[in-house]
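Before any comments, here is the structure.
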Amino acid sequence: MPAPESPPRPGNPPGLPEFIALTACLMALTAFSVDIMLPALPQIRADYGLADVNAQQLVVSTYVGGFALGQLFVGPLSDRYGRRPVLFAGLGVYALAAFACLVADSFSTLLIARFVQGLANAAPRVMAIAITRDSFQGRRMAEVMSFVMMVFIIVPVIAPSLGGAFMLIGSWHLIFAFLCVFALAIMVWTALRMPETHRAETRVPMTAAWLWGAIRETATNRQTLGYTLATGVLFGALMGYINSAQQVFQEVYGVGELFPILFGACAIALAIAAFVSGRFVMRMGSRRLGHAAVLGFAVFSTLHYALFLAIGTPPLPVFLVILSGCLFCFGLVMPNYNALAMEPMGRIAGTASSFVGAVTTGLAAVLGLVIGQHFDGTVGPLLAGFAIFGVCSVAITLVIERGRLFGVGQPRAA
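Going by my numbering, the sequence shown opens with residue 557, and the numbers climb by one from there.
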């Protein structure tokens, strides 16, 4: 059965700056969906009468779980039917789920709607990467992804403050109203400006045999699987930070209403890292840059945890500086490890992007939940998680590269 044609291409496709901006907005919907919620978590807990203080983290965790699961399906669908139809369906369902969160009359209903919201938001996230992979290759893809990430990373800087502003003028319900409108606005922009990048003649039949073959090809590729796992473990540390950030800043350090500002200030390190990656990846290559960054993350996080074991809770300035160093390293790892994972997968970019995203996010959701649920009124569980997962990511990288880091023995294009 032939695949239906995608909606017509826009007559005037975007130039590189607009391509980067639009792709970044597609990816930013994920960050908005998580980070904008952080200042609202205590009020959500109070409004629904939750006795367990760590239960508020489920607003984030259920979304991430749905997001991980959704990525398994949207890539194969887009390889079959094109990027645009899948993207529009995801954005539409996301907007409906955001509205359902807005009117949820119980905490369980809110969590179900958040799970669906995560499922739907897998489409713009995966399509952003697949569209980029359709349009660019090798170091050029890593360079473009770095600039996309640089724009995208602005969201964690501003999202908590924006969420705090909504809390000041109204309630957490306004946050979901904003997310609904934002998704619809991106849908209109995409419909008008983003062409179909997966040509009809290159699409593949989505049979069970083909799908299993594509997943097997992706999962058995040493480079793709290895860098996916290494990224997922490191992302788990970041998810643990996001899950417990509000409690760490406000309950451990007592910063009060400064929380969104401090959270955003630390996130600036991610934006700087994306800029640095975009400037240097063409010269250094993804391996050299990514490997140096993952080693840096492991060193920073291990020293941070050792400091906690030696003196207890680090002073706030010390905590912020070392945390920012870890986030900077993470921001260098993500685009380069993602590019390395996707590099061998050009023929099945959509399915491969789904696999990479689902495994990375699913692993991160589980590991992040473990860190978050172990919050005990100190920064100990968070710092331990950072150190353990940082070292694990280095170990996985060594296995992938057979003990040779920084592209030693690899062709220059790597």
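We put the beta carbon where it would ideally sit given N, CA and C, even for glycine.
Predicted model, so just to flag it, every value in this text is computed and none were measured.
Can you tell me which of the three DSSP states residue i falls into?
i, result
"D635", "helix"
"R958", "coil"
"L606", "coil"
"F629", "helix"
"H930", "coil"
"Y809", "coil"
"W728", "coil"
"E773", "helix"
"S880", "helix"
"T551", "With the chain covering only 557 through 970, there is no way to say anything about residue 551."
"M898", "helix"
"M750", "coil"
"G571", "coil"
"T869", "coil"
Beta carbon of residue i, beta carbon of residue j: below 7 angstroms?
i, j, result
"V935", "V808", "yes"
"A584", "V630", "no"
"F836", "C885", "no"
"A786", "S909", "no"
"A580", "V704", "yes"
"H847", "F962", "yes"
"P900", "N777", "yes"
"A651", "L578", "no"
"Y619", "G674", "yes"
"V711", "A587", "yes"
"Q802", "L628", "no"
"G571", "E699", "no"
"C657", "L666", "yes"
"T907", "D635", "yes"
"M701", "P573", "no"
"A897", "T774", "no"
"M795", "L647", "no"
"I904", "A765", "no"
Keeping to the same chain, check which residues put their C-beta closer than 7 angstroms to that of residue i; ignore five residues upstream and five downstream.
i, result
"H930", "P937"
"T753", "R639, I687, D690, S691"
"F945", "V789, L790, G792, A793, L923"
"V713", "G820, A823, I824, A827"
"L643", "A679, P680, M683, T746"
"L851", "V950"
"I731", "I592, M593, A596, G719, F722"
"A715", "A587, F588, D591, I592"
"A733", "L658"
Who are the near neighbours of residue i in its chain, counting only those whose CB is closer than 6 angstroms to its CB and skipping five residues on each side?
i, result
"F655", "C736"
"Q613", "N799, G928"
Which term fits residue i, buried or exposed, when burial requires 16 or more other beta carbons within 10 angstroms of its beta carbon?
i, result
"W768", "exposed"
"R763", "For the sequence presented, residue 763 should be read as Thr rather than Arg. Answer is exposed; the Cβ neighbour count stays below 16."
"G720", "buried"
"A669", "buried"
"G868", "exposed"
"S589", "buried"
"I576", "buried"
"E957", "buried"
Enumerate in chain order the residues of its own chain whose CB-to-CB distance from residue i is below 8 angstroms, with the five nearest sequence positions on each side excluded.
i, result
"T858", "A943, G946, V947"
"L954", "L961"
"H729", "L658"
For this session: Determine, using beta-carbon pairs with one atom in the region 911-919 and one in the region 592-606, whether at least three such pairs fall under 8 angstroms.
Result: Of all C-beta pairs linking the region 911-919 to the region 592-606, fewer than three are shorter than 8 angstroms, placing the two stretches out of contact.
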